[in-house]
Structure formats: C-alpha cells, structure tokens
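Residue numbers (this note's numbering): 21 to 171.
Report on the following structure.
What follows is the structure, encoded as structure tokens:
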C-alpha cells in the first residue's frame, strides 16, 4: 500500500490520534489530537495558544510520535504509527482545514472568522511509520516514509 493511501486512512478512518512529545525537561507528554488533513507527504493538526500546554509542547518539539487505531475490535482494526518531524506553519491553511472538517465549521463558522485568528496549523512534514491491517487474513503490515519540502 502506498504512503498517500495510508495517510488518507489516518485522516478519514482514524482521525483522532494520540500524539507524543518530549517536554523541555525531557519528560514524555501525550495528547489527543484530530488529524485535520493528510496529503501524500504531510499530516496536519491545528491547535491554539490559549494558554494550552499542548500548543507550547508542539512549538517546542522538533519530533513527535503519532498512533491511532480504527474503531472496533483488534481483529478488524487498522493501526498506524508515525515518528516524524513537526513544524508550526502558522495561519496558513486554517480556513482550508476547517472547511475539510464539518464539525470544526460549527466551532469556527464563516460568520465568525475572527475567532480563527487564535489557531495555528502544525505540519508533520517528514516521517516514517508502520501500517497494520488486522481485518484481512493474513494480517497486512507495511512500513512507509514521507517527506514534504518546506513551504
């Protein structure tokens, strides 16, 4: 299976993932995030600097880990893990990512676009990972990698 299909599954079938980082004191930290979009060579998240620890952890991290699983029991699940590099790309693509996620449009409607000013987009632009599909026999496992040029 090619990388773009795997990242598409991460966005469309899994969507909510756990992201792991190391804080400034070297301690592990993790948080749930929604994958806002995925392309053949990048994964996108959004969060705001509203005093959120997560925002500061992401800004202070060069590397993150991501793991997610589709709903259902283990024997019907698809699982994806990624270790990658992350960067804050600022306000770029905020409107596009909100438009791609209908529930975000409820939180940040077009009529209140000024509310979106607090949001930054984070891009996982380089990484490698593992895709496992236990819904097929024999179970399928694929290693993959991706790299996006600097925007």
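We put the CB at the ideal spot given by N, CA and C, even for glycine.
A quick note: this is a predicted structure, and the numbers were derived from the prediction, not measured.
Would residue 35 pass as a contact of residue 54 if the rule is Cβ separation under 8 angstroms? yes
Just tell me which of 23, 128, 142 and 90 has its CA closest to the CA of residue 210. Here the chain has residues from 21 to 171 only, and residue 210 is not among them.
Burial state of residue 81 (16 or more Cβ within 10 Å): By the neighbour-count rule (16 or more Cβ atoms within 10 Å), residue 81 is buried.
Assigned exposure category for residue 86 - 16 Cβ within 10 Å defines buried: buried
Output yes if chain D places a C-beta closer than 8 angstroms to the C-beta of residue 153; else output no. The structure shown has no chain D; it contains just one protein chain.
Is residue 100 near residue 151, with beta carbons less than 8 angstroms apart? Cβ atoms of residue 100 and residue 151: closer than 8 angstroms.
Out of 88, 161 and 145, which one is the CA nearest neighbour of residue 61? 145
Are the beta-carbon atoms belonging to residue 66 and residue 114 less than 8 angstroms from one another? yes
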